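According to mature numbering (1 follows the signal peptide of the UniProt record, and there is no 0), the sequence shown holds residues -24 to -1, 1 to 354 in order.
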Amino acid sequence: MKKMKYSSFLFALVVLLSGGCDGAKEKQHETLKDAFAGQFYIGTALNEWQITGKDTAAVNVVKEQFNAIVAENCMKSGEIQPEEGTFDFSLADPFVDFGEKNNLFTTGHCLIWHSQAPRWFFTDSLGNDVSRELLIQRMKTHIETVVGRYKGRIKGWDVVNEAIMEDGSFRNSKFYQIIGEDFIKLAFQFAHEADPDAELYYNDYNEWYPGKRDAIVQMVKKLKAEGIRIDAVGMQGHIGLDGPSLDDYEAAITAYTGAGVKVMITELDLSILPSPKPGDLSADIATNFEYRKEINPYADGLVPQEKQDEWDARMVDFFKLFLKHADAVSRVTLWGVSDRGSWKNDFPVRGRTDYPLLFDRNYEPKPVVAKICNESPL
């Protein structure tokens, strides 16, 4: 009997020390997608090197670990239509092909966004703002062309991105200045007409701020009342060690589902670095702070164990929250495959070294992966 117990102990120890999603519990999951099967899709964003197959290590991680993908940059309007009427699908096509070949839930990101939009979209030949009617027509043509090309192949679209400010007001973008708040309704309408079966999402950051949260809820309710399809709110999930609180994040999930839509965590990463401006969790890519050595403390790759433990615990807590609301959360997507390619290395301070994702710079799963997997009830 003692010999059997000792053998069982050795087996458990081997399991605990192994990689991937193995852990100390009797139930074992070899991958993230196995762990969360039946709960929600687990996904990642793909960059150019991964789409073209040059980053083979990352591609292998995607195939092994994830069952959903989103385009990081190649489907944004500035990339896909740099000049009026000239569409460039040279990266978008292989991105969609990769999703189909590997049976991945594929999301298009994003159709209408004030940032990374081509300048011509909003101006005439003299550089003046175009008329409301012409901007609406340009929106319609862009959406019809892009969504129509991938009709039945892309499962869901981030239709409108980051249109609301933290205080609940509309962002004063060119879309808003020229068209008014109706640009949101029109974008969803055009996307639905181009592919009636595709899911349609509104996507934003700091989506847990009460002012922004309440404004998004009202927007969703208004769209639904007007017969416009909207399936989910994308909560980007760019979080830090000092915020947001789990209570605030949960309140936002509950508020959005209460408005009659699903929730997707669409761009999850957790910065381990100190904020250059305490309390500022903005993900506005126009934000930029001057480099200072004290806000880049782990440039040599050596993160103190107590800080890593803090990071692990917070990431696990967020996955516990997603699992708690698995009836409402349909997808959790990391914004990148590994720390090596994360945008957080340069945002909001260029040249920093961050560690915000589940796989390290060598594409190996961090110990937190096993911890996350073992939270699955399966």
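All residues carry an ideal CB built from backbone N, CA and C; glycine is no exception.
Only a predicted model underlies this, so the values are computations on that prediction, with no experimental measurement involved.
Proximal residues to residue i (C-beta, below 6 angstroms), its chain only, five neighbours per side dropped
{"i": "Ser247", "result": "Gly216, Lys320, Asp330, Pro332"}
{"i": "Pro220", "result": "Trp184"}
{"i": "Gly84", "result": "Met51, Ile130, Trp133"}
{"i": "Ser149", "result": "His90"}
{"i": "His168", "result": "Arg205"}
{"i": "Asn338", "result": "none"}
{"i": "Ala11", "result": "Cys(-4), His5, Cys349, Ser352"}
{"i": "Glu76", "result": "none"}
Where residue i sits in the DSSP three-state scheme
{"i": "Glu282", "result": "helix"}
{"i": "Cys(-4)", "result": "coil"}
{"i": "Ser53", "result": "helix"}
{"i": "Trp133", "result": "strand"}
{"i": "Asp180", "result": "strand"}
{"i": "Ile215", "result": "strand"}
{"i": "Phe98", "result": "helix"}
{"i": "residue 363", "result": "The shown model of the chain, from -24 to 354, leaves out residue 363, and the question about it has no answer."}
{"i": "Pro341", "result": "strand"}
{"i": "Val325", "result": "coil"}
{"i": "Gly317", "result": "helix"}
{"i": "Thr233", "result": "helix"}
{"i": "Gly103", "result": "coil"}
{"i": "Arg108", "result": "helix"}
{"i": "Glu120", "result": "helix"}
{"i": "Phe335", "result": "strand"}
{"i": "Arg268", "result": "coil"}
{"i": "Phe146", "result": "strand"}
{"i": "Leu354", "result": "coil"}
{"i": "Leu299", "result": "helix"}
{"i": "Gly210", "result": "strand"}
{"i": "Glu138", "result": "coil"}
{"i": "Glu2", "result": "Annotation note: pLDDT 47 at Glu2 (below 50); position unreliable, coordinate value reported separately. Of the three classes helix, strand and coil, the one that applies to Glu2 here is coil, per DSSP."}
{"i": "Glu175", "result": "strand"}
Own chain partners of residue i with C-beta closer than 7 angstroms, once the 5 adjacent residues on each side are dropped
{"i": "Tyr225", "result": "Trp184, Leu297"}
{"i": "Ala191", "result": "Ile140, Gly144"}
{"i": "Asp336", "result": "Ser314, Asp315, Lys342"}
{"i": "Ala275", "result": "Thr329"}
{"i": "Leu334", "result": "Leu310, Pro341, Lys342, Val344, Val345"}
{"i": "Glu157", "result": "Phe146"}
{"i": "Lys39", "result": "Asn78"}
Unbroken alpha helix (DSSP H) run spanning residue i, endpoints
{"i": "Arg189", "result": "186 to 201"}
{"i": "Trp25", "result": "24 to 27"}
{"i": "Ile155", "result": "150 to 155"}
{"i": "Arg205", "result": "No alpha helix (DSSP H) holds Arg205; DSSP gives it neither H nor E."}
{"i": "Leu162", "result": "158 to 170"}
{"i": "Thr32", "result": "32 to 41"}
{"i": "Lys77", "result": "68 to 77"}
Range of the contiguous beta strand (DSSP E) that encloses residue i
{"i": "Asp245", "result": "238 to 247"}
{"i": "Phe81", "result": "81 to 89"}
{"i": "Ala47", "result": "44 to 47"}
{"i": "Thr7", "result": "Looking at the DSSP string, Thr7 is not in any beta strand (DSSP E), and its letter there is neither H nor E."}
{"i": "Leu310", "result": "305 to 310"}
Cβ-Cβ distance between residue i and residue j below 8 angstroms
{"i": "Ala201", "j": "Lys238", "result": "no"}
{"i": "Lys188", "j": "Gly144", "result": "yes"}
{"i": "Cys349", "j": "Leu8", "result": "yes"}
{"i": "Gly210", "j": "Thr242", "result": "yes"}
{"i": "Lys214", "j": "Tyr181", "result": "Residue identity differs from the one stated: residue 214 is His in this sequence, not Lys. Result yes, Cβ atoms of His214 and Tyr181 sit closer than 8 angstroms."}
{"i": "Pro250", "j": "Ile271", "result": "yes"}
{"i": "Phe164", "j": "Ile206", "result": "yes"}
{"i": "residue 355", "j": "Leu176", "result": "In the structure as shown, the chain starts at -24 and stops at 354, and residue 355 therefore has no counterpart that could be examined."}
{"i": "Ile119", "j": "Ala170", "result": "yes"}
{"i": "Thr62", "j": "Val72", "result": "no"}
{"i": "Phe166", "j": "Lys127", "result": "no"}
{"i": "Leu354", "j": "Ala44", "result": "no"}
{"i": "Ser318", "j": "Met240", "result": "no"}
{"i": "Phe42", "j": "Thr20", "result": "yes"}
{"i": "Pro324", "j": "Pro273", "result": "no"}
{"i": "Ile88", "j": "Asn137", "result": "yes"}
{"i": "Gln15", "j": "Leu278", "result": "no"}
{"i": "Val193", "j": "Leu244", "result": "no"}
Proximal residues to residue i (C-beta, below 8 angstroms), its chain only, five neighbours per side dropped
{"i": "Val196", "result": "Tyr178, Ile206, Val209, Tyr232, Ala235, Gly236, Val237"}
{"i": "Lys106", "result": "A small fix is needed here, since residue 106 is Val in this sequence, not Lys. The residues are Phe98, Thr99, Asp100, Arg114, Ile154."}
{"i": "residue 367", "result": "In this structure the chain extends from -24 to 354, so residue 367 is not present and cannot be described."}
{"i": "Leu222", "result": "Asp293, Phe294, Leu297"}
{"i": "Leu162", "result": "Ile112, Met115, Lys116, Ile155"}
{"i": "Gly54", "result": "Gln92, Ala93, Pro94"}
* Just checking, does the region 66 to 83 make contact with the region 93 to 106 on the three C-beta pairs under 8 angstroms criterion? -> no
* To do: Please confirm if the region 23 to 43 is in contact with the region 56 to 65, defined as three or more CB-CB distances below 8 angstroms between the two stretches.
  => no
* Asked: Is the region 304 to 317 close to the region 31 to 42, with three or more CB pairs under 8 angstroms?
  -> yes
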